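Engineer: Following this message is one structure expressed as structure tokens.
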Amino acid sequence: MNYHITHRTLYEYAAPVSVSHHVARLEPRASATQARENFSLQIFPEPTLRKARVDYFGNSLCFFAIQEIHNRLEIISHSRVSVNARKPVPPESTAPWESVAEMFLDPVSPEVIEPYQFVFDSPQIRASQELADYARESFGKGTPLLVGTRDLTGRIFRDFKFDPRATTVATPLEEVWLKRRGVCQDFAHLGIACLRSLGLPARYVSGYLRTHPPAGKPRLVGADASHAWFRIFCPGTGWMDFDPTNNVQPTEEHIIVAYGRDFGDVSPVAGILTGGGKHDVKVSVDVEPLD
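Mapped onto our numbering, the consecutive letters of the sequence shown carry residue numbers 19 to 309.
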């Protein structure tokens, strides 16, 4: 599946900003199932300093600094990406989850050194006994790893309500757990926390999701949004994706931009500035299928 993706972010400040420094993570990743054919990033006003690099997790970053007085900042990215569906893995054929967790108690195999870092707590995700108990309803004794993960994904989908007004990017996971509602970021964090509470490696994925308009309605330009889901490491197979917001395993309609321990590692745009006061942020995303 081929896509053209346009991502616009507009900051409008109540007071002038004299200087600002930002980092953007908007360039889709390249992988065995995803090809990044081209990418461009426009920034207004034009930055005084701009530098691209790759972070610890292999995500593409753009650092930029604006050193002139401005009342608005606009960031526009254009991407062309080709995504192929991954060959399905029979969940029942995967190893029992206990044997996978045991591999990470004392990792010595080269295969598990990289995923080992995703077993531990991160700034926005903490394991707990309560979350482990919730997860164990899906991971009974001897349950194949992907069977349990698929069941956990479905339970989060059923037990938690999607509510864009219930949380913000700063809402802690504990509050999401109590409210039983949130958005894709919250549900990805919850799935990761449950898996890490069992000693299993899981990481956060940010990207885009192709949406479908209601029957008989036209596709609305700019009405799409950034999306988030999680990955679990499956020995012998690699990282496998699960989307608890939609209760699916991502295929060619999920486009990956970045991954990390939690949202803090993959925020699309972050920065610091002098001045500005209160500000409004407007984001629009258009995922246009080209096939």
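Each residue gets a CB set at the ideal place from its N, CA and C atoms; glycine is no exception. Remember, it's a predicted structure, so these values are computed and weren't measured experimentally.
Run through DSSP, which three-state label would L218 get?
Structural biologist: coil
Engineer: Considering only residues of the same chain and omitting the five flanking positions on each side of R168, which have a CB-CB separation below 8 Å?
Structural biologist: Here R168 has P109, F260, Q267 as same chain residues with Cβ atoms under 8 Å from its own Cβ, once five neighbours each way along the sequence are excluded.
Engineer: Output needed for R71: all residues of its chain with C-beta closer than 6 Å, excluding positions within five of it in sequence on either side, in chain order.
Structural biologist: L79
Engineer: Write down every uninterrupted run of the alpha helix (DSSP H) in the segment 127 to 177 whose length is 4 residues or greater and which is fully enclosed by it, in chain order.
Structural biologist: 128 to 134, 147 to 154, 163 to 177
Engineer: Mapping the DSSP letters down to three states, classify E270 as helix, strand or coil.
Structural biologist: coil
Engineer: Going by Cα to Cα distance, which pick from V37, F251, D204, G282 is closest to L163?
Structural biologist: Answer by Cα proximity: F251.
Engineer: Classify E45 as helix, strand or coil using the three-state DSSP reduction.
Structural biologist: coil
Engineer: Could you give the distance in angstroms between the alpha-carbon of V165 and the alpha-carbon of C202?
Structural biologist: 22 Å
Engineer: Looking at the structure shown, is G240 part of a helix, part of a strand, or coil, going by DSSP?
Structural biologist: With a pLDDT of only 47 at G240, under the threshold of 50, the placement of this residue in the model should not be trusted; the figure read from the coordinates follows. Coil.
Engineer: Roughly how many angstroms lie between the CA atoms of P231 and I131, to the nearest whole one?
Structural biologist: Across the structure, P231 and I131 are spaced so that their CA atoms are roughly 43 Å apart.
Engineer: Hey, G294 and A103: beta-carbon distance below 9 Å or not?
Structural biologist: no
Engineer: Short check: CB of S215 to CB of A288, under 9 Å?
Structural biologist: no
Engineer: Can you tell me the Cα-Cα spacing of Y351 and L123, whole angstroms?
Structural biologist: With the chain running from 19 to 309 in the structure shown, residue 351 is simply not present.
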